[in-house]
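Residue numbers (our numbering): 377 to 616.
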């Protein structure tokens, strides 16, 4: 499957620049010379190398083997990343039919992979959107009325051909199609597409970039951080 060549855009959050000094409380976003970016919970100098300890399962709990070791001069910059909590989303009392329709982990993976293949979107990006939008709750409903795994507004769901936003396969298909349209609109700039997914393309166009809304900026950061975490863990599993 050929995936998009994503453009994550410039560092738009105004994060403070650091000079390779470890922080005890904040995550750090590390950029390497080869263009690879990752988040770490702490750094440790070992001779002419630096060990970057990575978060396990999205938390700060670390195993001693859960790190990448890189040359000191391969680090371009280190930025602090504010701790951003997952949003609180109301979850409807599901009907028996919805409970039966709730996907297993394997089924969720299959649905995300199928939708990603259909629109040439990385499955990990879709999974990151699902986590940020609903926390994986099929019956999640936002205060503005967005529904389901990828939090589709009624109008968007209708435009994307979704009859029941609480049906996982329909919701993921519709949300992926909408994200595909936004990525195309913003020339595969992931940050802008995510901002438009959260705040609407009108807001992104008005401000010629990510709108100055705290919720939107935190949302974009949350999705990209989760996407990076998934890629980090995949890289670690490949090196073991």
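Yeah, the Cβ is synthetic: ideal placement off N, Cα and C, and Gly gets one too.
When DSSP assignments are scanned along the stretch 516-591, the uninterrupted stretches of alpha helix (DSSP H) that are 4 or more residues long and fall wholly within it turn out to be 530-535, 544-561, 566-575 and 577-583. Around residue 528, the same chain offers 522, 536, 538, 541, 547, 550, 551 and 554 as residues with beta carbons nearer than 8 Å, after the five sequence neighbours per side are excluded.
If you look at residue 450, you'll find it isn't in any alpha helix (DSSP H); DSSP assigns it neither H nor E. Following the DSSP letters along the chain, one finds residue 488 inside the alpha helix (DSSP H) bounded by residues 481-495. Proximity to residue 525 across 502, 531 and 519 peaks at 502, based on C-alpha coordinates. According to DSSP, residue 602 shares a beta bridge with no other residue.
Judged by beta-carbon spacing, residue 570 lies beyond the 8 Å limit of residue 589, meaning their Cβ atoms are not closer than that value.
Residue 581 and residue 572 have their C-alpha atoms roughly 9 Å apart.
The bridge partners DSSP lists for residue 445 are 427. Counting the other Cβ atoms within 10 Å of the Cβ of residue 504 gives 16 or more, which makes it buried. Sequence-distant partners of residue 592 (beyond 5 residues in either direction) whose C-beta falls short of 8 Å from its own C-beta, in its chain, are 571, 574, 575, 579 and 586. Per DSSP, reduced to three states, the secondary structure at residue 454 is strand.
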